[in-house]
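*Asks:*
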Amino acid sequence: MFAYQNQMSKKDLKFNSRTIHGGQQPDKAYGAVMPPIYQTSTYAQSTPGGHQGFEYSRSANPTRTALENALASIENGQYGLAFASGLSAIDAVIKLLEPGDEVISTNDLYGGSYRLFKQVFEKFGITFHFIGMQSLDTIASYITEKTKLIWVETPTNPMMNVIDVEGVGKLAKAHNLLLAVDNTFATPYLQRPLDLGADIVMHSATKYLGGHSDVIVGALVVNSKTLADKLYFIQNASGAVCGPMDSFLTLRGIKTLHVRMQRHCENGKALANYLVNHPKIEKVYWPGFESHPNHDIAKNQMDDFGGMISFIPKGSNFEDAVRIVEKLQVFTLAESLGGVESLAGHPASMTHASIPKEEREKSGVVDALIRLSVGIEDVDDLIADLEQAIE
Numbered sequence: 063m064f065a066y067q068n069q070m071s072k073k074d075l076k077f078n079s080r081t082i083h084g085g086q087q088p089d090k091a092y093g094a095v096m097p098p099i100y101q102t103s104t105y106a107q108s109t110p111g112g113h114q115g116f117e118y119s120r121s122a123n124p125t126r127t128a129l130e131n132a133l134a135s136i137e138n139g140q141y142g143l144a145f146a147s148g149l150s151a152i153d154a155v156i157k158l159l160e161p162g163d164e165v166i167s168t169n170d171l172y173g174g175s176y177r178l179f180k181q182v183f184e185k186f187g188i189t190f191h192f193i194g195m196q197s198l199d200t201i202a203s204y205i206t207e208k209t210k211l212i213w214v215e216t217p218t219n220p221m222m223n224v225i226d227v228e229g230v231g232k233l234a235k236a237h238n239l240l241l242a243v244d245n246t247f248a249t250p251y252l253q254r255p256l257d258l259g260a261d262i263v264m265h266s267a268t269k270y271l272g273g274h275s276d277v278i279v280g281a282l283v284v285n286s287k288t289l290a291d292k293l294y295f296i297q298n299a300s301g302a303v304c305g306p307m308d309s310f311l312t313l314r315g316i317k318t319l320h321v322r323m324q325r326h327c328e329n330g331k332a333l334a335n336y337l338v339n340h341p342k343i344e345k346v347y348w349p350g351f352e353s354h355p356n357h358d359i360a361k362n363q364m365d366d367f368g369g370m371i372s373f374i375p376k377g378s379n380f381e382d383a384v385r386i387v388e389k390l391q392v393f394t395l396a397e398s399l400g401g402v403e404s405l406a407g408h409p410a411s412m413t414h415a416s417i418p419k420e421e422r423e424k425s426g427v428v429d430a431l432i433r434l435s436v437g438i439e440d441v442d443d444l445i446a447d448l449e450q451a452i453e
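Residue numbers (the numbering used here): 63 to 453.
(1) Can you give me the C-alpha to C-alpha distance between Ala234 and Ile225, rounded to a whole angstrom?
(2) Could you say which of Glu449, Met195, Ile438 lies nearest to Gly369 if we only look at CA atoms?
(3) Under 8 Å by Cβ, that's how I've got Ile374 and Val428 pegged, so tell me the actual separation to the nearest angstrom.
(4) Please tell me whether Asp163 and Lys232 are closer than 7 Å, where the distance is taken between their beta carbons.
(5) If you measure between the beta carbons of Gly315 and His265, is that distance less than 7 Å?
(6) Quick one: using the 10 Å Cβ neighbour count with 16 as the cut-off for buried, is Tyr347 buried or exposed?
(7) Using three-state DSSP, classify Gly93 as helix, strand or coil.
(8) Ends of the beta strand (DSSP E) at Pro375?
(9) Given this structure, state the Cα-to-Cα distance separating Val95 from Gln297, to the nearest angstrom.
(10) Pick from Val436, Lys208, Gln101, Gly377: whose alpha carbon is nearest that of Leu405?
(11) Just how far apart, CA to CA, sit Glu137 and Ile262?
(12) Going by Cα to Cα distance, which pick from Val155, Pro255, Leu75, Pro250 is closest to Ala267?
(13) So Thr312 and Gly272 are in contact, right, with Cβ under 8 Å, and what is the actual spacing, rounded?
(14) Taking all protein chains shown into account, decide if Ala281 is buried (16 or more other Cβ within 10 angstroms of its Cβ) or exposed.
(15) In the DSSP output, which residue or residues are listed as bridge partners for Glu164?
(16) Between the alpha carbons of Glu207 and Ala290, how many angstroms are there, rounded?
(17) Are there 16 or more other CB atoms within 10 angstroms of the CB of Gly111, so buried, or fewer, so exposed?
(18) According to DSSP, is Ser266 helix, strand or coil?
(19) State the beta-bridge partners of Val346 as determined by DSSP.
(20) Can you look up Ala128 in the DSSP assignment and give me helix, strand or coil?
(21) Within the same chain, show all residues whose beta-carbon is closer than 7 Å to that of Asp89, passing over the 5 residues directly before and after it, in chain order.
(22) Compare the C-alpha of Thr246 against each of Arg422, Ile343, Phe380, Leu171 and name the closest.
(23) Give the DSSP-derived three-state secondary structure of Val230 in the structure shown.
(24) How many whole angstroms separate the CB atoms of Leu337 and Phe393, which I take to be in contact at a CB cut-off of 8 Å?
(25) Go ahead and label Asp442 buried or exposed: buried means 16 or more other beta carbons lie within 10 angstroms of its beta carbon, across all protein chains shown.
(26) Count the C-beta pairs between the region 252-260 and the region 379-386 that are closer than 8 Å, then say yes if the count reaches three, no if not.
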């Protein structure tokens, strides 16, 4: 009755088209263009084990499968897995390891990742080394026979440090290590770590992929079937899967990722240049500046520089930074990032509060630091809002 497009013909689509069509086909039951929300826990079987590919929704759900196919497509991967949150996706990756294994991690990373590594997994005998990764030589100096995984964020949260994924990938392969890259800030619109040598790409899909601040979802994408099978086993055994409604909303968000990211980047550039020229701003962190550390690497491995910015007002302290974010009116003071609305945060008391102050400040997360997630509103309104809050 319906003429379904051959999915093999979609693999060569350009990125903007893959956000809409990649890994997707009309629903086979009635031809629905959008995958239906299969709000069911179980599926009828004609005989024990005789089902149509789905038997229990923790193991697989058609709506989640549609999202996982889309995730794999936009990251140029073969296998996608959708989780209940970004942290549950990270949890699954660390569960690949065993007591005695060591992980080399970015020192400037999301506070929730740090908390998971230090307070949950270290007590099970896994050692984490948090280091600056701007130099490949520094990373190499921490590799031992016990090292099994390198965990990278780039750009990092919240200092916007840029790490050479291709260089780290070559280093990891030379030592037979797994390389996992948190691609939440950049999204596959800006960089595709699997193409650069990563083994695993992780997303808090809550952020830019969902894009509308209405879901909590995590994602992993890999190319290796062996690795995908191991991660799927952990996902199914541990049960940290996202539900069909969140899968549907995230898939809907992905379909506009390319147009949203274009505006995020445009507005981000305008606000970064406004802040860097402001007489009351001491420092601005944004990968698009030629003076930004590893800007050349960012220019090579990213297609643009994104909408995340951090800055420090001149002569400010904890209280001054809090006063500024409290005065914002168009920007919303809130946790998270990557939504269509602009958000402002104070990392020291919000996203990175779980990291001890001494450790935070080693990586530059000082009390006066403010982080912006630049949304897609009119840029003049965003600049005016920053102006009145800073003044």
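Every residue gets a Cβ at the ideal spot worked out from N, C-alpha and C, and that includes glycine. Given the structure is predicted, the values throughout are model-derived calculations rather than measurements.
*Replies:* Taking the coordinates as given:
(1) 14 Å
(2) Ile438
(3) 7 Å
(4) no
(5) no
(6) buried
(7) coil
(8) 370-375
(9) 28 Å
(10) Val436
(11) 10 Å
(12) Pro250
(13) 5 Å
(14) buried
(15) Thr189, Thr209
(16) 24 Å
(17) exposed
(18) strand
(19) Phe373
(20) helix
(21) Pro97, Pro98
(22) Leu171
(23) helix
(24) Not confirmed; about 13 Å, so no contact.
(25) exposed
(26) no
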